[in-house]
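Enquirer: Attaching a single structure in structure tokens format; questions to follow.
In the working numbering, the protein residues as written are 186 to 580.
Put into structure tokens, the structure is as follows:
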């Protein structure tokens with residue numbers, strides 16, 4: 186079974202490009218050119234140089250000794266929180282802005298939930314001198330205020346999405362509408378492995394640097410280039426796609442995804458798509474999504490803005506349906522406990538999104554000689570207000 190995208194843009198039963206007619210020229214231009222652009226040696230050299238000198242790659246693979254002792258396994262943290270801008274998102278925005286340049290676009294539109302993709306997009310737009318508009322749910326603007334300030338400092342225009350649940354789904358809707366109205370000069374930098382083909386594949390390719398580095402680093406540290414488990418949080422799923430990419434066809438590595446179960450998978454306040462979703466079309470691709478009997482999207486809920494999404498990328502839907510990936514639903518409470526634990530055992534304050542992945546340790550029951558790699562997708566500065574409330578409750 187293949188876990189890579191096919192020529193029609195599908196991963197198994199999921200993917201494709203379901204788009205309005207006005208977007209067809211843009212998406213088709215991207216589809217017909219992205220592989221040649223990415224494969225070009227000049228592009229590769231520019232991309233690699235920016236990853237090294239601007240982003241700060243390779244990021245370390247850190248042996249978490251105290252977590253390892255507690256959970257009786259060899260636990261490594263892939264430190265994407267140490268990337269410039271504080272999360273993995275910049276791997277993709279650097280790649281996509283270089284693609285946009287080669288397509289002759291000089292304006293960028295993006296969506297963001299937790300704000301990390303918005304910051305990463307604003308960052309590369311400042312670097313390349315491009316106009317930047319970021320759509321963000323009105324609720325997310327409130328709960329992720331530090332990232333809004335960073336985007337504005339970088340020169341981006343942040344526009345509030347005030348429809349629906351006023352979160353990531355609605356920001357994506359608004360960004361797509363903007364692109365429909367400005368198809369000639371604007372490139373849409375999607376931040377996750379969602380959207381119409383070729384976006385899920387293109388984003389996964391730019392994020393695959395994560396698993397490429399894990400292989401090299403594990404070889405140096407453990408004398409083998411694969412772990413027993415790779416764990417990552419999944420909303421749309423870009424950090425997980427990057428962490429899984431070079432292990433998709435490695436049967437000795439279990440792929441573990443942590444979804445946001447909110448107040449409980451069946452509480453009515455959740456974003457655990459693989460548990461609650463069924464096949465449907467959202468934001469230009471066929472995947473699993475939370476929906477009513479008549480196909481209306483169910484509003485998701487998570488304490489974490491980056492996981493507050495009613496769908497999942499088509500690659501992850503295929504990993505779930507095929508059984509290649511194992512998915513855990515992690516509640517708000519479990520994520521908060523894991524965040525405090527990582528902070529106080531390892532001196533690393535993780536993003537709330539990442540905390541969902543760290544919470545899997547309690548459920549995994551890895552053996553003492555097994556190697557577990559967690560993709561530490563972002564740092565927790567943006568979530569300090571939430572964490573502060575948590576610590577106050579415990580005083």
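The beta-carbon is built from N, C-alpha and C at its ideal position, and this holds for glycine as well.
Small disclaimer: the values here were computed from a predicted structure and weren't measured.
What are the start and end residues of each continuous beta strand (DSSP E) run of 3 or more residues lying completely inside the region 444-508, in chain order?
Expert: Entirely contained in the region 444-508, the beta strand (DSSP E) runs reaching 3 residues are, in chain order, 463-467 and 470-474.
Enquirer: Would you list the residues sitting across from residue 546 in a DSSP beta bridge?
Expert: According to DSSP, residue 546 bridges with nothing at all.
Enquirer: Span of the alpha helix (DSSP H) holding residue 427?
Expert: 423-429 is the span of the alpha helix (DSSP H), which, as asked, contains residue 427.
Enquirer: Applying the 10 Å Cβ sphere with the 16-neighbour rule, what's the burial state of residue 472?
Expert: Per the 10 Å Cβ criterion, buried.
Enquirer: Using the Cα positions of residue 298 and residue 373, report the straight-line distance between them to the nearest angstrom.
Expert: Computed Cα separation, rounded: 15 Å.
Enquirer: Based on the DSSP secondary-structure assignment, which residues constitute the bridge partners of residue 639?
Expert: As shown, the chain starts at 186 and ends at 580. That puts residue 639 outside it, with no answer to give.
Enquirer: Can you give the Cα-Cα distance for residue 336 and residue 269, rounded to whole angstroms?
Expert: About 14 Å.
Enquirer: Could you check where the beta strand (DSSP E) with residue 264 kicks off and where it finishes?
Expert: That run of the beta strand (DSSP E) goes 259-264.
Enquirer: Assuming residue 263 contacts residue 395 under a Cβ cut-off of 8 Å, what Cβ separation, rounded to an integer in Å, is found between them?
Expert: Right, their Cβ atoms sit about 6 Å apart.
Enquirer: Could you give the DSSP three-state label for residue 345: helix, strand or coil?
Expert: Strand.
Enquirer: Taking the alpha-carbon of residue 362 as reference, which of 208, 192 and 571 has the nearest alpha-carbon?
Expert: Of the listed residues, the one whose Cα sits closest to residue 362 is 208.
Enquirer: Apart from the five residues just before and just after residue 323, which ones in its own chain have a Cβ nearer than 8 Å to its Cβ?
Expert: Excluding positions up to five away in sequence, the list reads 345, 346, 347 and 351.
Enquirer: For the candidate residues 525, 470, 288 and 353, whose alpha-carbon lies nearest to that of residue 223?
Expert: Selected option, being the one with the closest Cα: 288.
Enquirer: Between the alpha carbons of residue 554 and residue 296, how many angstroms are there, rounded?
Expert: Approximately 42 Å between the Cα atoms of the pair.
Enquirer: Between the alpha carbons of residue 558 and residue 498, how many angstroms are there, rounded?
Expert: Taking the straight line joining both Cα atoms gives about 21 Å.
Enquirer: Please report the distance separating the alpha-carbon of residue 569 from that of residue 229.
Expert: Using only the alpha carbons, I get a separation of about 37 Å.
Enquirer: Roughly how many whole angstroms lie between the Cα atoms of residue 445 and residue 489?
Expert: If I take the Cα positions, the gap works out to 8 Å.
Enquirer: Residue 412 to residue 266, Cα distance in whole Å?
Expert: One C-alpha to the other measures close to 20 Å.
Enquirer: Applying the 10 Å Cβ sphere with the 16-neighbour rule, what's the burial state of residue 477?
Expert: So residue 477 counts as exposed.
Enquirer: Mind checking whether residue 249 and residue 538 have CB atoms under 8 Å apart?
Expert: Against a cut-off of 8 Å, the Cβ pair of residue 538 and residue 249 comes out as no contact.
Enquirer: According to DSSP, is residue 416 part of a helix, a strand, or is it coil?
Expert: The answer is strand: DSSP assigns residue 416 an E or B state.
Enquirer: Would DSSP call residue 438 helix, strand or coil?
Expert: Coil, per DSSP.
Enquirer: Inspect the beta-carbon positions of residue 303 and residue 315 and report whether they are closer than 8 Å.
Expert: Not a contact, by the Cβ cut-off of 8 Å.
Enquirer: If you draw a straight line from the alpha carbon of residue 255 to that of residue 502, how long is it in whole angstroms?
Expert: Looking at the two C-alpha atoms, the distance is approximately 32 Å.
Enquirer: Determine the DSSP secondary structure at residue 306, reduced to helix, strand or coil.
Expert: Note: residue 306 maps to helix in three-state DSSP.
Enquirer: To the nearest angstrom, report how far apart residue 573 and residue 579 are at their CA atoms.
Expert: The alpha-carbon atoms of residue 573 and residue 579 are separated by roughly 10 Å.
Enquirer: Quickly, what does DSSP pair residue 353 with across the bridge? List them, please.
Expert: Its beta-bridge partners do not exist; DSSP assigns none.
Enquirer: Return the Cβ separation of residue 452 and residue 376 in integer angstroms, given the expectation that the two are a contact with Cβ distance under 8 Å.
Expert: About 27 Å separates the two Cβ atoms, so there is no contact after all.
Enquirer: Per DSSP, residue 247 is paired with what?
Expert: Answer is 262, bridged to residue 247.
Enquirer: Could you have a look at residue 242 and say whether DSSP puts it in helix, strand or coil?
Expert: Reduced to three states, the DSSP call for residue 242 is coil.
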